[in-house]
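Working notes, beginning with the structure itself.
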Amino acid sequence: MLIDASDANTIPVDIENKIIRYFSLMPERVITNIKNHKLEYDHDVLCAIEKYVAPNTAYDFYQELIALFEQHEMVCYHSTKIFDKNIIFENGLKTNDWDTYSRNIISIFKKLNVKANDIAEAIKIIKKQYDWKYPIIDREPQLCFYSDVGLLRNDMYAGYEQFCENIGGELAKDALKKDFPRIYRYLRENGEAILVKFKIPFIDIKNYDKDSIVYPFVTYFAGKYFWNYNYEIHFEGNTDKDIAPNNILEIIPYLVDRYYFHSAD
């Protein structure tokens with residue numbers, strides 16, 4: 009089954025039943041303590057339940073839930089800017105393995121007619137940032153994702169749309185925006201900003217993210233069970249697996265020119 013955080017109807021019944029049963033077996037005093045919390049915002053639901061059902065206080069429960077989630081797939085999103093979106097339809101989404109990442113960036117610079125010596129200098133700067141961000145002792149490729157478009161922002165703050173600013177993602181931006189702005193402009197001013205909607209087997213999500221992804225689902229049902237409150241499910245996570253082309257569900261143009269796309273910071 010394909011679980012979509014933005015549509016509670018896609019949550020499998022066995023997962024819902026296990027969560028509800030866990031709540032129903034709580035001691036009466038715990039249920040009373042939870043219900044006594046007054047709700048105004050989603051954060052209030054978390055404050056009410058975290059002492060009793062957060063991942064670090066209900067380890068066995070989360071391991072059982074994770075085993076159920078691992079039987080299903082998740083709808084997720086990845087924000088990016090790309091020179092040719094057809095590449096995603098052809099090749100899917102790739103992790104940031106250095107060999108693949110650097111080869112793609114070099115190819116894009118060449119297509120944009122960047123001089124060879126500038127390409128070499130840019131790659132040197134990006135590699136330095138890569139080695140700092142991903143120390144070799146525990147380096148592994150990764151692909152970041154988030155649950156739904158509700159995590160995009162349209163106010164003064166940056167949401168997951170921030171990764172649509174430039175080709176090459178956060179790594180290229182952090183490396184070049186200040187230290188090599190003349191070349192960074194090629195990555196910012198070209199390409200197409202997109203949101204990639206895809207599906208991923210839950211089992212392919214990094215283990216250290218699994219309980220933090222399950223937690224919002226537990227919180228959603230807590231809101232319903234204790235207060236009939238509609239908590240919004242949001243999460244973020246990582247995988248070290250590439251996303252195959254047949255798992256790409258949709259490519260959505262991101263057309264908002266956010267103010268901070270052009271700032272110096």
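Residues in the sequence shown are numbered from 9 upward in steps of one, following my numbering.
Even glycine gets a Cβ: it sits at the ideal position worked out from N, Cα and C.
Computed from a predicted model, the values in this text were never measured in an experiment.
When Cβ pairs closer than 8 Å are counted between the two stretches, the segment 197 to 216 is seen to touch the segment 249 to 262, the count reaching three or more. In this structure residue 166 is not in contact with residue 174, their Cβ atoms being roughly 13 Å apart against a cut-off of 8 Å.
By the neighbour-count definition (other C-beta atoms within 10 Å, threshold 16), residue 264 is an exposed residue. Looking at the DSSP output, residue 201 sits in a beta bridge with 89.
Put simply, the segment 51 to 68 touches the segment 229 to 238. At least three CB pairs are less than 8 Å apart. A Cβ-Cβ contact shorter than 8 Å links residue 262 with residue 172.
Straight-line spacing of the CA atoms in residue 255 and residue 100 works out to 8 Å.
The C-alpha of residue 140 is placed about 23 Å away from the C-alpha of residue 117. By the C-beta criterion, the segment 80 to 90 is judged to be in contact with the segment 155 to 162, since at least 3 inter-stretch pairs fall below 8 Å. Note on residue 104: 16 or more other CB atoms within 10 angstroms of its CB, so buried under the neighbour-count rule. Between the alpha carbons of residue 63 and residue 189 lies a distance of about 43 Å. When secondary structure is reduced to three states using DSSP, residue 142 falls in the coil class, being assigned neither helix nor strand. Counting along the chain, the unbroken alpha helix (DSSP H) around residue 178 starts and ends at 177 to 184. The beta carbon of residue 242 sits closer than 8 Å to the beta carbons of 13, 154, 155, 156, 158, 159, 224 from its chain, once the five residues preceding and following it are set aside; these are given in chain order. Taking residue 228 as reference, the option from 177, 52, 40, 178 with the minimal CA-CA separation is 52.
It is roughly 17 Å from the alpha-carbon of residue 33 to the alpha-carbon of residue 22. For the 8 Å CB-CB criterion, residue 198 and residue 76 do not form a contact. By the beta-carbon neighbour count (other beta carbons within 10 angstroms, threshold 16), residue 218 is buried. When the beta-carbon positions are compared, residue 260 and residue 207 stay at least 8 Å from each other.
Beta-carbon to beta-carbon, residue 11 and residue 81 are separated by about 7 Å, close enough to satisfy the 8 Å threshold.
CA-to-CA, the gap between residue 151 and residue 177 works out to about 11 Å.
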